[in-house]
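First residue of the sequence shown? That's 6 in the numbering used here, and the numbers climb one at a time after it. We put the beta carbon where it would ideally sit given N, CA and C, even for glycine. Here the structure is a predicted model, which is why all the values come from computation and not from measurement.
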Amino acid sequence: MGKIESFEDLAVWKEGMRLSVRIYSLLKNCRDYGLKDQMQRSVVSIPSNISEGFERQTNKEFIQYLYIAKGSCGELRTQLYIAKELGYLSDIDFKEILDRAKQLTLMLAGLIKTRQTRF
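Encoded structure:
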């Protein structure tokens, strides 16, 4: 594994970006603008907080921002359940995105643990 020189090198940031693009794509025709806006804000918050925390360049602040990103991932998961119940997402899309959001939560938890114990 190479040295991490920027947030763009982090697998968790890359996955957050991919998830953001996927949510935007899935919701492009959604007319429930309140839920759509909130879901987009939640998902964009994930890679945004990872990058902001990384750029702070202190381990304590980076961990704080990783926790914020993890919280946004939980928020997105709740909104996915709501969107599914309202019929905005198909069963297949819901399962795909929920699984990816759960995986992203695990990735964030792992990075937090690593940063807490090794730095």
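- A Cβ-Cβ distance of about 7 Å is found for the pair Ala74 and Ser50, placing them in contact under the 8 Å criterion.
- Per DSSP, the continuous alpha helix (DSSP H) segment holding Tyr70 begins and ends at Asn64 to Glu90.
- Between Asp37 and Tyr93, the C-beta gap is smaller than 9 Å, which places the two residues in contact.
- Membership of Asn54 in the alpha helix (DSSP H) is indicated by the continuous run Tyr38 to Arg61.
- Comparing alpha carbon positions, the residue from Val48, Gln69 and Arg46 closest to Glu57 is Gln69.
- Within the same chain, and ignoring the five residues on either side of Leu15 in sequence, the residues whose Cβ sits closer than 8 Å to its Cβ are Ile9, Ile55, Phe59 and Leu116.
- For Glu101, the enclosing alpha helix (DSSP H) covers residues Asp96 to Arg123.
- In this structure, the beta-carbon distance from Gln84 to Gln43 falls below 9 Å.
- From the listed residues Gly21, Glu80, Leu91 and Ser30, the smallest Cα separation to Pro52 is found for Gly21.
- The beta carbon of Phe124 sits closer than 8 Å to the beta carbons of Asn64 from its chain, once the five residues preceding and following it are set aside; these are given in chain order.
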